[in-house]
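Undergrad:
In full-length UniProt numbering, the protein residues as written are 1 to 483.
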């Protein structure tokens with residue numbers, strides 16, 4: 001990106017960036033990010049409090065239902081709404097769709113944080129005469145700050161990177177403008193300049209979250225036995241709370257699933273060739289499997305070094321992998337397009353370049369479980385095997401890999417499922433003639449063939465469901481650890 005902009009020169013970059021259109025895109029993006037983060041924070045914290053801190057009936061069922069919207073990709077959610085309500089292509093429509101798609105990113109870490117809070121602090125505050133609202137504001141909310149800021153950062157980064165949902169809703173942001181510029185000028189300087197502004201916005205968000213989080217922490221320092229807090233009885237507020245949660249689940253889950261079911265059985269465009277659907281599914285699964293294998297293979301040495309060779313270099317290597325997931329997919333794809341065209345033109349729109357994009361985008365998803373598995377694998381076993389004369393290769397095969405197998409499997413599964421629903425990078429980098437579930441859905445829905453798009457969306461939702469189940473189970477069994 002820097003090299004491409006250097007060819008244009010400072011004056012050229014200034015002319016590309018300092019113009020009314022960029023100011024309009026900045027305003028649209030800022031309004032959407034700010035509104036979405038605010039709504040997701042309110043919905044996520046309120047839902048987490050109702051599930052974790054009240055005597056609401058069916059709390060475990062509500063928990064699963066509140067996480068389930070993550071199984072529906074945002075661009076599928078957008079398709080579901082716009083196909084039913086074509087007039088929804090406004091700021092309000094975009095705000096509604098992205099909020100319903102991303103509020104679980106706040107809900108999940110806040111639920112985990114609630115489960116790790118020491119209820120003794122709350123009991124003490126109530127004993128001092130504080131009301132329920134005061135206990136929440138002065139005791140619980142400060143302890144939820146890290147989880148809330150982390151979830152809000154995830155929401156903000158996802159909204160900045162969102163392309164499919166906003167393009168379908170015809171709401172212009174930096175991401176949609178970059179794609180339009182790319183298609184119009186084929187990787188011209190305009191797209192690169194907009195990508196630079198978008199990247200700068202992402203970095204500013206990361207720095208702002210780090211500054212707001214601060215260094216202050218909340219943790220129990222004394223001995224004690226972990227116990228569940230006393231649930232709050234809602235009494236007259238139980239019915240409104242149930243209605244509120246039911247409305248949120250209906251809007252975020254029932255509407256998109258109902259829309260998919262409707263378009264599966266309605267309209268002349270519904271008839272999709274089963275061989276075409278099967279072939280597209282096979283291509284998607286094949287790419288996802290190879291990407292999961294490559295990404296997990298990259299995560300293994302990184303996770304091993306981060307735990308067993310602690311130091312500045314290992315820490316820098318580990319932290320650098322998270323930058324890729326913080327950068328919008330369209331920026332990563334645009335950078336790889338530029339590099340492949342300038343350095344290796346023969347590699348442009350080939351599978352290796354596409355796999356490289358997947359690896360950069362989803363390496364953290366493979367790294368986190370692998371690192372956790374390495375931390376839980378005692379180094380003593382490897383030392384004992386070495387003392388018995390076992391070679392390094394033999395120790396790796398017979399000791400290390402079996403111990404790390406669960407983490408490797410979990411990381412590969414997370415990467416696999418992420419690739420299945422990836423749209424933006426695939427649109428720009430996939431080889432000519434290669435169609436995935438996401439791109440086939442995109443082609444059909446862009447042509448307003450909603451019935452033809454529905455089967456591809458259904459398959460993506462079904463493939464995404466296992467990851468959602470794992471997330472909901474992990475949050476329920478987590479105490480004091482953010483997911």
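Cβ atoms here follow ideal geometry from the backbone N, Cα and C, with glycine treated the same way.
My understanding is that residue 425 touches residue 329, with C-beta atoms under 8 Å, so please give their C-beta distance in whole angstroms.
TA: Position 425 of the chain shown, counting from 1, holds the residue named residue 425. Position 329 of the chain shown, counting from 1, holds the residue named residue 329. Their Cβ separation, rounded to whole angstroms, is 5 Å, which keeps residue 425 and residue 329 in contact under 8 Å.
Undergrad: Helix, strand or coil for residue 351? Go by DSSP, reduced to three states.
TA: As a position in the chain shown, residue 351 is number 351, starting the count at 1. Of the three classes helix, strand and coil, the one that applies to residue 351 here is helix, per DSSP.
Undergrad: Mapping the DSSP letters down to three states, classify residue 426 as helix, strand or coil.
TA: Counted from its first residue, the chain shown places residue 426 at position 426. Here residue 426 sits in helix by DSSP.
Undergrad: Return the chain-ordered list of same chain residues with a C-beta closer than 7 Å to the C-beta of residue 44, the five sequence neighbours on each side being excluded.
TA: Residue numbering aside, residue 44 sits at position 44 when the chain shown is read from its first letter. Correct list, in chain order: 103, 106, 107, 110 and 151.
Undergrad: Between residue 154 and residue 177, what straight-line distance do the alpha-carbon atoms span, to the nearest angstrom?
TA: As a first step, residue 154 is located in the chain shown; it is residue number 154 there, counting from the start. As a first step, residue 177 is located in the chain shown; it is residue number 177 there, counting from the start. Straight-line Cα distance between these residues: approximately 22 Å.
Undergrad: Looking at the unbroken alpha helix (DSSP H) that takes in residue 322, where does it start and where does it end?
TA: One-based indexing of the chain shown puts residue 322 at position 322. Residues 312-326.
Undergrad: For a test of the three-state rule: what should DSSP assign to residue 232, helix, strand or coil?
TA: Here residue 232 corresponds to residue number 232 of the chain shown, with the count starting at 1. Looking at residue 232 - three-state DSSP - the assignment turns out to be strand.
Undergrad: Drop a sphere of 10 angstroms on the beta-carbon of residue 371, count the other beta-carbons inside from all chains shown, and report buried for 16 or more, exposed for fewer.
TA: Position 371 of the chain shown, counted from the start, is the residue given in the question as residue 371. Buried, since its Cβ has 16 or more Cβ neighbours within 10 Å.
Undergrad: With a CB to CB cut of under 6 Å and the five nearest residues on each side skipped, what residues in its chain are close to residue 53?
TA: Here residue 53 refers to the residue found at position 53 of the chain shown. Cβ within range, chain order: 232.
Undergrad: State the start and end residues of the unbroken alpha helix (DSSP H) segment that holds residue 263.
TA: The sequence position of residue 263 within the chain shown is 263, counting from 1. Looking at the DSSP string, the run of the alpha helix (DSSP H) that includes residue 263 is 255-264.
Undergrad: In the structure shown, what three-state DSSP assignment does residue 344 receive?
TA: Position 344 of the chain shown holds residue 344. The answer is coil: DSSP assigns residue 344 none of H, G, I, E or B.
Undergrad: Let's see if you can read the secondary structure: which residues bound the alpha helix (DSSP H) around residue 140?
TA: Here residue 140 corresponds to residue number 140 of the chain shown, with the count starting at 1. Residue 140 -> no alpha helix (DSSP H), and no H or E assigned at all.
Undergrad: Let me check understanding here. Comparing Cα to Cα, which of 421, 317 and 290 lies closest to residue 302?
TA: Here the question's residue 302 lines up with position 302 in the chain shown. Per the Cα distances, 317.
Undergrad: Name, in chain order, the residues that DSSP records as bridge partners for residue 54.
TA: Taking the first residue of the chain shown as position 1, residue 54 is located at position 54. According to DSSP, residue 54 bridges with 232.
Undergrad: Reducing DSSP to helix, strand and coil, say where residue 78 ends up.
TA: Here the question's residue 78 lines up with position 78 in the chain shown. In the structure shown, residue 78 sits in a helix (DSSP, three-state: H, G or I).
Undergrad: Tell me which same chain residues have a C-beta within less than 6 Å of the C-beta of residue 48, skipping the five on either side of it?
TA: Locating residue 48 in the chain shown gives position 48, where the first residue counts as 1. For residue 48, where only same-chain residues beyond five positions count, the Cβ hits under 6 Å are 107, 110, 111 and 114.
Undergrad: Tell me the DSSP secondary structure of residue 105 in three-state form.
TA: In the chain shown, counting from the first residue as 1, residue 105 sits at position 105. Helix.
Undergrad: For the region 157-165 and the region 200-208, state whether three or more C-beta atom pairs, one from each stretch, are separated by less than 8 Å.
TA: Short answer: they touch.
Undergrad: Which of the three DSSP states is assigned to residue 449 in this structure?
TA: Within the chain shown, the letter at position 449 stands for residue 449. Of the three classes helix, strand and coil, the one that applies to residue 449 here is coil, per DSSP.
Undergrad: Please list the terminal residues of the continuous alpha helix (DSSP H) segment that includes residue 288.
TA: Here residue 288 corresponds to residue number 288 of the chain shown, with the count starting at 1. Counting along the chain, the alpha helix (DSSP H) containing residue 288 begins and ends at 274-308.
Undergrad: Between which residues of its own chain and residue 501 is the CB-CB distance below 8 Å, once the five residues before and five after are set aside?
TA: The chain is shown from 1 up to 483; residue 501 falls before or after that span and cannot be answered.
Undergrad: Check whether the region 80-93 touches the region 164-172, counting contact only when three or more Cβ pairs, one atom from each stretch, lie closer than 8 Å.
TA: Enough Cβ pairs lie closer than 8 Å, so yes.
Undergrad: Whole angstroms are fine: how far does the CA of residue 285 sit from the CA of residue 430?
TA: Here the question's residue 430 lines up with position 430 in the chain shown. Here the question's residue 285 lines up with position 285 in the chain shown. Residue 430 and residue 285: Cα-Cα distance of roughly 14 Å.
Undergrad: State the Cα-Cα distance for the pair residue 163 and residue 440, rounded to the nearest angstrom.
TA: Working through the chain shown from its first residue, we reach residue 163 at position 163. Working through the chain shown from its first residue, we reach residue 440 at position 440. Approximately 16 Å, taken between the alpha carbons.
Undergrad: Would you check if the distance between the CB atom of residue 165 and the CB atom of residue 468 is smaller than 8 Å?
TA: Reading the chain shown from its first residue, position 165 is the one you call residue 165. Reading the chain shown from its first residue, position 468 is the one you call residue 468. Not closer than 8 Å, so no.
Undergrad: Span of the alpha helix (DSSP H) holding residue 60?
TA: Residue numbering aside, residue 60 sits at position 60 when the chain shown is read from its first letter. It spans 59-67 - the alpha helix (DSSP H) in which residue 60 sits, taken as one unbroken run.
Undergrad: Which first and last residues belong to the alpha helix (DSSP H) in which residue 151 is found?
TA: By one-based count along the chain shown, residue 151 stands at place 151. Where residue 151 is concerned, the enclosing alpha helix (DSSP H) stretches over 145-161.
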